[in-house]
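Trainee: Sharing a structure with you now.
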């Protein structure tokens, strides 16, 4: 395609979009919303994957103890753990140590967390925890089974438990995101089709003249396809800017509060930019092609 021809098609498509401002705006807004839903799920999925990799690499069992556990019960429990296959090491985290770790985890807001304990909590609610590390991940289930049913245990958690719970949540989120994405995708296609249809109807006379003087079907169709692509591109850029700004805000708020590391904004941007651009182009072009096939008989 020659540069002059491409310039003509692009200019023609831009003029057409400006003539139908309301539908153009609605189409762009719907494409933007569709890609926002997709992008939000993508951001969550990327960070969850990083989080599961982090906790999955921690081969440990955390045994929270009841406040009323006796010394005899605790010693018996420790002995059972130490005699378990694959046992590597064990550390006891006292209530005070748990409180200090909780406060330190709040970073810049550590002082507020400290005041929470001093001003509002008369009794430290955090339990004594035994952190048990195994030689290999395959030994984790065995250690848990060995201490199952012991008196004085409040709760037992492993990285496997956390991963399974998160996986279930992500599965529900994934289905919900897919349903919403498909619905918005259909709405986007419908609006783009209506935008192109209005353009076709308003230019029927011009199209007939172009056919009469020998214009090819491709030459007539191309401006309408570019029109849809412009809508998709604008929607993808807007959604990228919104998501990137939103993620920077959330990232700055949470990076010093939680224990886990998050994907940096630049990593998120790099992982989404081409998917968004190509997704926007596909939505716009697909809607235009469907509209042309249905309403433009050339």
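Residue numbers (the numbering used here): 1 to 298. Beta carbons are placed, not taken as given, at the ideal position from N, Cα and C, and that holds for glycine. Every value quoted in this text rests on a predicted model; they were computed, and no experiment measured them.
Hey, out of 242, 197 and 247, whose CA is closest to residue 223's CA?
Mentor: 197
Trainee: For residue 149, tell me which candidate among 110, 280, 215 and 80 has the shortest Cα-Cα distance.
Mentor: The option with the nearest alpha carbon to residue 149 is 80.
Trainee: Just verifying my parser: in three-state terms, what is the DSSP assignment at residue 69?
Mentor: The three-state reading of DSSP puts residue 69 in coil, since its state is none of H, G, I, E or B.
Trainee: DSSP three-state label for residue 91, please.
Mentor: strand
Trainee: So, is residue 125 buried or exposed, given that buried needs 16 or more other C-beta atoms within 10 angstroms?
Mentor: exposed
Trainee: Straight-line CA distance for residue 186 to residue 175?
Mentor: Approximately 17 Å between the Cα atoms of the pair.
Trainee: Does the beta-carbon of residue 20 have 16 or more other beta-carbons within 10 angstroms, so that it is buried, or is it exposed?
Mentor: Buried, because 16 or more other Cβ atoms sit within 10 Å of the Cβ of residue 20.
Trainee: Tell me the rounded alpha-carbon separation between residue 28 and residue 271.
Mentor: 22 Å
Trainee: Excluding the 5 residues flanking residue 129 on each side, which residues of the same chain have their C-beta closer than 6 Å to its C-beta?
Mentor: The beta carbon of residue 129 sits closer than 6 Å to those of 62, 64 and 93, all from its chain and outside the five residues before and after it, given in chain order.
Trainee: So for residue 136, helix, strand or coil by DSSP?
Mentor: coil
Trainee: What's the C-alpha gap between residue 265 and residue 74?
Mentor: 46 Å
Trainee: Alpha carbon to alpha carbon, how far is residue 177 from residue 31? Give it in angstroms, no decimals.
Mentor: 15 Å
Trainee: Which residues mark the beginning and the end of the beta strand (DSSP E) in which residue 155 is found?
Mentor: Segment 153 to 158, the beta strand (DSSP E) holding residue 155.
Trainee: May I have the straight-line CA-CA distance separating residue 298 from residue 232, to the nearest angstrom?
Mentor: With a pLDDT of only 49 at residue 298, under 50, the local geometry of the prediction cannot be trusted, and the value read off the model is given with reservation. Looking at the two C-alpha atoms, the distance is approximately 25 Å.
Trainee: Run the CB neighbour count on residue 278, radius 10 Å, all protein chains shown included, and call it buried at 16 or more, exposed below.
Mentor: Its Cβ having fewer than 16 others within 10 Å, residue 278 is exposed.
Trainee: Since residue 64 sits in a beta bridge, which residues does DSSP pair it with?
Mentor: 129 and 155
Trainee: Between residue 69 and residue 146, what straight-line distance do the alpha-carbon atoms span, to the nearest angstrom?
Mentor: 18 Å
Trainee: For a test of the three-state rule: what should DSSP assign to residue 84, helix, strand or coil?
Mentor: coil
Trainee: Comparing alpha-carbon positions, which option in 36, 25 and 237 lies nearest residue 180?
Mentor: 36
Trainee: State yes or no: is the C-beta of residue 283 within less than 7 Å of the C-beta of residue 188?
Mentor: yes
Trainee: Looking at the unbroken alpha helix (DSSP H) that takes in residue 118, where does it start and where does it end?
Mentor: Counting along the chain, residue 118 falls outside any alpha helix (DSSP H), and DSSP gives it neither H nor E.
Trainee: What residues in its chain sit with their C-beta under 8 Å from that of residue 40, if we drop five residues either side in the sequence?
Mentor: 177 and 243
Trainee: Should residue 90 and residue 123 be called a contact, given that it needs their Cβ atoms to be closer than 7 Å?
Mentor: no
Trainee: In terms of alpha-carbon separation, which member of 183, 113, 168 and 142 lies closest to residue 83?
Mentor: Selected option, being the one with the closest Cα: 142.
Trainee: Where does residue 123 sit, in a helix, a strand or coil, going by DSSP?
Mentor: Residue 123 carries a coil assignment under DSSP once its states are collapsed to helix, strand and coil.
Trainee: Cβ atoms of residue 170 and residue 267: under 7 Å apart, would you say?
Mentor: no
Trainee: Confirm, please, whether the CB-CB distance from residue 50 to residue 285 is below 7 Å.
Mentor: Residue 285 is not a Cβ neighbour of residue 50, given a cutoff of 7 Å.
Trainee: Is the distance from the Cβ of residue 195 to the Cβ of residue 24 below 7 Å?
Mentor: yes
Trainee: On the premise that residue 280 lies in contact with residue 192, defined as a C-beta separation below 8 Å, what is that separation, rounded to the nearest angstrom?
Mentor: No, residue 192 and residue 280 are not in contact; Cβ-Cβ is about 11 Å, not under 8 Å.
Trainee: Please report how far the alpha carbon of residue 67 lies from the alpha carbon of residue 252, in whole angstroms.
Mentor: The alpha-carbon atoms of residue 67 and residue 252 are separated by roughly 37 Å.
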